[in-house]
Amino acid sequence: MDQTTKSPKSFLVHENVTVRVTFTPLAKSADAKANETVLDVARRAGAPIGNSCGATGICARCRVRIVDGAEQLSPMTSIELRTLTRIGFDDGERLACQAAVFGDCEITTSYWG
Ligand code: FES
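This is the structure in structure tokens:
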């Protein structure tokens, strides 16, 4: 199965393992629960990430840069790839609402610095 077609909520995630997401340079972090996206964890950590489409992957306001641990995120969904291609993106950028977390990672944005 093509990994880009899976929704972030259906991707294999950690069970009984502590997974930490760090939001830099905000000095905020939180543990990810099973099946959570970067946006889910950011909300709980108090790290503000823009969003306006109800986490459907369309608005791209939740665009973030992965500082470390990109391999710990789910593969891009087809909607994420379409949206990022439409707006243009660099390697290491993801949509926080589409990227499910299954390992430690570090996230930043262009507006937190
Ligand atoms: S919240 Fe709209 S694309 Fe992520």
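Following the working numbering, the numbering of the sequence shown begins with 52 at its first residue and continues without gaps.
C-beta: ideal position from N, C-alpha, C; glycine also.
Alpha carbon to alpha carbon, how far is residue j from residue i? Give it in angstroms, no decimals.
| i | j | result |
| --- | --- | --- |
| residue 85 | residue 153 | 8 Å |
| residue 135 | residue 68 | 30 Å |
| residue 77 | residue 89 | 15 Å |
| residue 126 | residue 143 | 12 Å |
| residue 138 | residue 87 | 25 Å |
| residue 107 | residue 119 | 24 Å |
| residue 140 | residue 133 | 11 Å |
Identify, in the order they occur along the chain, each residue of the same chain with its Cβ nearer than 6 Å to the Cβ of residue i, setting aside the five sequence neighbours on each side.
| i | result |
| --- | --- |
| residue 73 | 80, 157 |
| residue 116 | 143, 144, 159 |
CB-CB under 7 Å to residue i, same chain, minus the five flanking residues each way: which ones, in chain order?
| i | result |
| --- | --- |
| residue 70 | 82, 83, 152, 153, 154, 155 |
| residue 103 | 110, 112 |
| residue 164 | 76 |
| residue 97 | 79 |
| residue 95 | 81 |
| residue 100 | 90, 93, 113, 115, 147, 160 |
Report back the beta-carbon spacing between residue i and residue j to the nearest angstrom; my notes put them in contact at under 8 Å.
| i | j | result |
| --- | --- | --- |
| residue 149 | residue 131 | 4 Å |
How would you write the range of the alpha helix (DSSP H) that residue i sits in, first residue to last?
| i | result |
| --- | --- |
| residue 96 | 89-96 |
How far does the beta strand (DSSP E) with residue i in it extend, from its first residue to its last?
| i | result |
| --- | --- |
| residue 83 | 79-83 |
| residue 72 | 70-74 |
(message) List, from N- to C-terminal side, the alpha helix (DSSP H) runs of 4 residues or more that fit wholly inside the segment 118-155.
(response) 129-138
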